[in-house]
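Student:
The structure is reproduced here in structure tokens:
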């Protein structure tokens, strides 16, 4: 697996930014820190600082004290403001939970820009309450094991145990359950995520939004133009006007394919 030192094709500026992230966690967590691992668009090679968030998992030996969580946020939030348009998203897992996968997966802490207002309102309450289990982690760990990047610490194989394929499928399906009601409002997101689900179901391919969309262009000829629109919006930050009737037809057809291939009752999509 690649590590931070091997990211020669990345810009010096981005490499320095990643090193600053590592420094934040090393400063606060010290010997409790096992490793930091990139997943998401950066790991897939389709990251863009102006339209991508930076996704990573952090693994620790023991639970983190509330004061340490607060100190992490005090260091990370200015770094987030100084870098990426869409911010940073990370979850902290215990080493035992990373190694011995269960579903939904326990986490000790989580932050994303969606929670920024909660943090600003009451950081102490946020840090005390933000722990539990998360279905999304099955997908994140799968991507880390498939194409993740080690920013710091143990190699991936030593840190993360295998993920049940059924859990991975359920995890990515959960991102699409509300597509019928939401695709008009978040067209690019749902078009590409539905293509990712199909790519896994039919070819067992673990894809990014970009490579999932490219798979869809090849395998869904009736919707190639629609998927190309979504890819253009994703890759070029080029807002698109989507045909609502075509979006509705796309969702219905893809849901049918998913239900058929995954042996699901289509009622679960309604």
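Residue numbers (UniProt numbering): 1 to 270.
All residues carry an ideal CB built from backbone N, CA and C; glycine is no exception.
Just so we're clear, the structure is a prediction, and the values are computed from it rather than from any experiment.
For residue 234, name the three-state secondary structure that DSSP assigns.
Tutor: Residue 234: helix per DSSP, three-state reduction.
Student: Could you spell out where the alpha helix (DSSP H) holding residue 106 opens and where it closes?
Tutor: It is not in any alpha helix (DSSP H) - residue 106 instead sits in the beta strand (DSSP E) that spans 105–107.
Student: Using only the alpha-carbon positions, how far apart do residue 150 and residue 99 sit?
Tutor: Looking at the two C-alpha atoms, the distance is approximately 16 Å.
Student: Have a look at 67, 166, 15, 206 and flag the residue whose alpha-carbon is nearest the alpha-carbon of residue 262.
Tutor: Minimum Cα distance to residue 262 is reached at 166.
Student: For residue 242, which residues in the same chain have their Cβ closer than 6 Å to its Cβ, ignoring the five residues on either side in sequence?
Tutor: Within the same chain, residue 242 has close Cβ partners 187.
Student: What residues are listed by DSSP as bridge partners for residue 133?
Tutor: 106, per the DSSP bridge assignment.
Student: Tell me whether residue 11 is buried or exposed, calling it buried when 16 or more other Cβ atoms sit within 10 Å of its Cβ.
Tutor: Its Cβ having fewer than 16 others within 10 Å, residue 11 is exposed.
Student: Using 10 angstroms around the beta-carbon of residue 237, count the other beta-carbons present and answer buried if the total reaches 16, otherwise exposed.
Tutor: Looking at its Cβ environment, which holds fewer than 16 other Cβ atoms inside 10 Å, residue 237 is exposed.
Student: If we count the other Cβ atoms within 10 Å of its Cβ and call it buried at 16 or more, is residue 55 buried or exposed?
Tutor: Buried: at least 16 other Cβ atoms inside 10 Å.
Student: If residue 138 and residue 103 are in contact, beta carbons under 8 Å, what's the gap, nearest whole angstrom?
Tutor: Sure, about 6 Å apart at Cβ, within 8 Å.
Student: DSSP puts residue 19 in a beta bridge; with which residues?
Tutor: Paired residue(s): none; residue 19 is not in a bridge.
Student: So residue 192 packs on residue 180, CB below 8 Å; how close in whole Å?
Tutor: In fact, because the Cβ distance is near 16 Å, the residues do not count as touching under 8 Å.
Student: Looking only at DSSP bridge pairs, what is residue 55 linked to?
Tutor: Answer is 39, 89.
Student: With a CB to CB cut of under 6 Å and the five nearest residues on each side skipped, what residues in its chain are close to residue 271?
Tutor: The structure shown does not extend to residue 271, since the chain spans only 1 to 270, so no value can be given for it.
Student: If you scan the UniProt domain "Adenylyltransferase AadA C-terminal" (160–252) from start to end, which runs of the alpha helix (DSSP H) of 4 or more residues do you find wholly inside it?
Tutor: If we require 4 residues or more, the alpha helix (DSSP H) runs fully inside the UniProt domain "Adenylyltransferase AadA C-terminal" (160–252) come out as 165–174, 179–182, 187–203, 209–219, 224–236.
Student: Report yes or no: do the stretch 140–160 and the stretch 33–46 share at least 3 C-beta pairs separated by less than 8 Å?
Tutor: Yes: the two stretches touch, three or more of their Cβ pairs being nearer than 8 Å.
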